[in-house]
Amino acid sequence: MVCSPQTKQNSALFHNCWFLVKRPHEGRFLLHHPERVPDICINLAYSFHLMIKPETIQRIIDTVRIEEVIGDFVSLKKRGSNYVGLCPFHNEKTPSFSVSPAKGIYKCFGCGKAGNSVNFVIEHEHYSYPEALKYIAKKYNIEIEEEEVTPEMQLEIDERESMFAVNGFMSTYFQHNLTETEEGKSVALSYLKERDYRDSTVQKFELGYAIDQWHNYTDHAIDNGYKKEVLTKVGLSIDKDSRLIDRFRGRVIFPIHNLTGKVIGFGGRILSSEKSTAKYINSPESDIYNKSRVLYGIYFARTEIVKQNNCYLVEGYTDVISMHQAGIENVVASSGTSLTEEQIRLIKRFTPNITILFDGDTAGIKASFRGIDLILEQGMNVKIVLFPDGEDPDSFVRKHRSSEIEEFITKQAKDFIAFKTNLLLDETVGDPTKRADLIKEIIQTISHIPDGINRSVYIKECSTIMDVPEQTLMNELNKRLRQHFKKQPENADIEITDIETRQSLDEQIKIDPLDISENEKQLIRLLLLYADEMITVFDDEEDKEIQMRVDDFILKELHDEQISFTKEIFNEIIKEFGEAREKDNELAETHFTNHPKAKIAAETINLLTSPHQLSENWKKNKIFVKQEEDQLSFLVLTTWLSLKAKYADKHLKEILELMKTSPAEEIDMLINQYNTFKKISIQIHSELTRVISY
Ligand SMILES: [Zn+2]
Numbered sequence: 004m005v006c007s008p009q010t011k012q013n014s015a016l017f018h019n020c021w022f023l024v025k026r027p028h029e030g031r032f033l034l035h036h037p038e039r040v041p042d043i044c045i046n047l048a049y050s051f052h053l054m055i056k057p058e059t060i061q062r063i064i065d066t067v068r069i070e071e072v073i074g075d076f077v078s079l080k081k082r083g084s085n086y087v088g089l090c091p092f093h094n095e096k097t098p099s100f101s102v103s104p105a106k107g108i109y110k111c112f113g114c115g116k117a118g119n120s121v122n123f124v125i126e127h128e129h130y131s132y133p134e135a136l137k138y139i140a141k142k143y144n145i146e147i148e149e150e151e152v153t154p155e156m157q158l159e160i161d162e163r164e165s166m167f168a169v170n171g172f173m174s175t176y177f178q179h180n181l182t183e184t185e186e187g188k189s190v191a192l193s194y195l196k197e198r199d200y201r202d203s204t205v206q207k208f209e210l211g212y213a214i215d216q217w218h219n220y221t222d223h224a225i226d227n228g229y230k231k232e233v234l235t236k237v238g239l240s241i242d243k244d245s246r247l248i249d250r251f252r253g254r255v256i257f258p259i260h261n262l263t264g265k266v267i268g269f270g271g272r273i274l275s276s277e278k279s280t281a282k283y284i285n286s287p288e289s290d291i292y293n294k295s296r297v298l299y300g301i302y303f304a305r306t307e308i309v310k311q312n313n314c315y316l317v318e319g320y321t322d323v324i325s326m327h328q329a330g331i332e333n334v335v336a337s338s339g340t341s342l343t344e345e346q347i348r349l350i351k352r353f354t355p356n357i358t359i360l361f362d363g364d365t366a367g368i369k370a371s372f373r374g375i376d377l378i379l380e381q382g383m384n385v386k387i388v389l390f391p392d393g394e395d396p397d398s399f400v401r402k403h404r405s406s407e408i409e410e411f412i413t414k415q416a417k418d419f420i421a422f423k424t425n426l427l428l429d430e431t432v433g434d435p436t437k438r439a440d441l442i443k444e445i446i447q448t449i450s451h452i453p454d455g456i457n458r459s460v461y462i463k464e465c466s467t468i469m470d471v472p473e474q475t476l477m478n479e480l481n482k483r484l485r486q487h488f489k490k491q492p493e494n495a496d497i498e499i500t501d502i503e504t505r506q507s508l509d510e511q512i513k514i515d516p517l518d519i520s521e522n523e524k525q526l527i528r529l530l531l532l533y534a535d536e537m538i539t540v541f542d543d544e545e546d547k548e549i550q551m552r553v554d555d556f557i558l559k560e561l562h563d564e565q566i567s568f569t570k571e572i573f574n575e576i577i578k579e580f581g582e583a584r585e586k587d588n589e590l591a592e593t594h595f596t597n598h599p600k601a602k603i604a605a606e607t608i609n610l611l612t613s614p615h616q617l618s619e620n621w622k623k624n625k626i627f628v629k630q631e632e633d634q635l636s637f638l639v640l641t642t643w644l645s646l647k648a649k650y651a652d653k654h655l656k657e658i659l660e661l662m663k664t665s666p667a668e669e670i671d672m673l674i675n676q677y678n679t680f681k682k683i684s685i686q687i688h689s690e691l692t693r694v695i696s697y
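Given below as structure tokens:
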């Protein structure tokens, strides 16, 4: 049995870690200090979905310094109390990415991305929430404590984990075969060298080689303690007359990674020119490998896809690898299968833009047209690059320099609909029937685009290319759209006459004259920013002006008026403020921007970074507003009063509505209620006017 010291060491280490993590420690799983535990173990624990204890999360949030976390990825310069740098989420030459250590948040004024430290790690590294927490914990040497999961959950996790484990173990073994065995070196490594693959590329993609024998790696895995059932479950071994044989024999191995970099399956390319065997074979589907949900190379491409805000889609493993080697890293492959909806959604997590790179074979392109309609349906933008006849991305990239490749792609990239129209138009010359069919087909494609404005743009463009009046195309499109809607029962009663009407309908729905959310937002924003500052308010009972903390004022008023916010998140924030004040605690805004509940964190970050509505309104009304802090009493009071006024108005309207349907005997009571509220409303409005003119 061939086994390098490296492999042996990894395997032993792996088993130790396995034991360490699996051993219950006083009723819970205890993961040791990150610095003292090898990485492999931490990665293993990541996927356990154990619950990190709330106390640990709190410790992480209390310790983290956002400028230090982001500083590991972005070069930051101090400017005033903030830091600025080039945004890692979009391409820019002048910095519009700002980090506020005081608030514990970042915001890009170019692309609008904003968040706290944990969000940043999630966005930038595409980690899950627990993975991001663990990353930060490791950086600050914080011990992670996790809570136990149920035995049933554990069983399922164990099974999946053992599948990942055997794949990982095997991937290492295949790599060893490629570079350390005579057979690997002479057969496979020489083939990869012929393709000009650098050592670093081979290592990055963890390329390997399966020895040309029937029981080679299966026996090796069993000798190292891996179970037969797991080997067949992941499809590495095939059960033949109750003896396991190797699925991959004499093949270059391409491991397929999931988003977090774990090996979920393998592709194997035969090297002999034997015609009887398939050129490529793949692992069969398993609990951890679902072909329709995986894109080859996504693990290596994700960060660059976000950065370039574009994803190149190619056909095969070697296209991906060659392009990476040429420095173009935002590239993935659908690996032979036609593109699925799940794959498209996977790309959409990172960018709305796809550029498909085709080799020069027209038949292949036409076959993929349906798949592209699927992409359009997801509201994504599709461009097409056609390589010269006889070239695929792999061969083209190997013949040209990086700069030439990029120039070629940029120049050749054509919008999908224009590309399709042009390609098919050539075939319709002198054939009116074919031409009519083409128009229908293009309109069909355009009808898949969810956005009305985009549809109109394409109609215009096609009208020019095909020399058909725009209105004719528009009529055909509306016919299609109506068919789409008829297919969906919930839209059955909507009659679409044209796109414009439909759009203005959408607009109308959005505007609600009694919308109080802006006022609620403003009040919460003031509370978050100035909770512990003092304001001057008039106390009716004492009949004099008194000093009060902003949080105490808002909490008291909400309580006295029995008002709760229409947005549940705001009520949760108020509740936490209330509880903190009862214990005489202070809640800093960082408590909320780093809140364990992602929704609360997102909402507060949004509030604290968006330009606030109120002062804009004051400006419109030509009321001069000094620095917000100087005007705090004024701001808090007017915000509160206008919110109260809107609540009263809303209630008045509700009473009026009720009157329309109520029986006669209840009308008197409702009129009474209405009058009472009307008085309150007038009172609030006059108070508001008094405060503003004061
Ligand atoms: Zn940005």
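Just so you know, we're using the numbering used here here: the sequence shown kicks off at 4 and counts up by one. Note that CB positions come from ideal geometry on N, CA and C, so glycine has one too. What you are looking at is a predicted structure, and each value in this text was computed from that prediction instead of being measured.
In the DSSP assignment, Lys80 falls within the unbroken beta strand (DSSP E) covering Lys80 to Arg82. Contact annotation: the region 327-336 does not touch the region 280-292, with fewer than three C-beta pairs closer than 8 Å. Per DSSP, Pro435 is one residue of the alpha helix (DSSP H) stretching across Pro435 to Ile449. Residues close to ligand 1 by the beta carbon criterion (under 5 Å to any non-hydrogen atom) are, from first to last along the chain, Cys90, Phe92, His93, Cys111, Gly113 and Cys114. About 15 Å separates the Cβ atoms of Val388 and Ser325, ruling out a contact at the 8 Å cut-off. Here the alpha carbons of Gly88 and Asn478 stand approximately 50 Å from one another. Per DSSP, the continuous beta strand (DSSP E) segment holding Leu389 begins and ends at Asn384 to Leu389.
In the DSSP annotation of this structure, Phe361 is not part of any alpha helix (DSSP H); the continuous beta strand (DSSP E) holding it starts and ends at Asn356 to Phe361.
The residues Ser520 and Glu523, in chain order, have a CB closer than 7 Å to that of Lys570 in the same chain once the five nearest residues on each side in sequence are set aside. With contacts defined by Cβ atoms closer than 8 Å, Tyr132 and Ile139 do not form a contacting pair. Within a 10 Å sphere around the beta-carbon of Ala439 sit fewer than 16 other beta-carbons, which makes this residue exposed. In the three-state reduction of the DSSP assignment, Leu316 falls in the strand class. Between Arg246 and Ala213, the C-beta gap is not smaller than 8 Å, which leaves the two residues out of contact. In the structure shown, Asp418 adopts extended strand secondary structure according to DSSP, grouped into three states.
For Gln550, the three-state secondary structure derived from DSSP is strand.
For the pair Thr358 and Asn313, the CB atoms are nearer than the 8 Å cut-off. With respect to Lys647, Ile685 sits apart: the two C-beta atoms are not nearer than 8 Å. Boundaries of the beta strand (DSSP E) around Leu247: Arg246 to Asp249. Note that the region 396-414 does not touch the region 427-446; fewer than 3 beta-carbon pairs, one per stretch, sit closer than 8 Å. DSSP places Lys243 in the uninterrupted beta strand (DSSP E) bounded by Ser240 to Lys243. Minimum Cα-Cα distance from Val266 among the listed residues Phe303, Thr343 and Tyr143 corresponds to Phe303. Check the Cα spacing between Tyr677 and each of Glu232, Ala651, Gln178 and Lys141: the tightest is with Ala651. By DSSP's assignment, Lys110 forms a beta bridge with Ser101 and Ala117.
A residue is called buried when at least 16 other Cβ atoms come within 10 angstroms of its Cβ; Asn261 meets this threshold and is buried. Within the model, the alpha-carbon separation for Pro98 versus Ile566 is close to 43 Å.
Residue pairing by DSSP places Pro258 opposite Phe269 in a beta bridge. Secondary structure at Asn293: coil, using DSSP grouped into helix, strand and coil. In this structure, DSSP gives Ile147 a state outside helix and strand, which the three-state scheme calls coil. Taken through DSSP and simplified to helix, strand or coil, Val334 comes out as strand. The residue among Phe573, Leu635, Ile658 and Thr235 with its C-alpha nearest the C-alpha of Ile538 is Leu635.
The alpha-carbon of Thr642 is positioned some 32 Å away from that of Gln61. A Cβ-Cβ separation of about 6 Å places Glu464 in contact with Ala421 under the 8 Å criterion.
Counting C-beta pairs closer than 8 Å gives three or more between the region 363-375 and the region 391-399, which meets the contact rule.
Per DSSP, the beta bridge partners of Thr539 are Gln550. Straight through space, the alpha carbons of Met173 and Ile225 are spaced by roughly 11 Å. Around Asn170, the same chain offers Val237, Val266 and Ile267 as residues with beta carbons nearer than 7 Å, after the five sequence neighbours per side are excluded.
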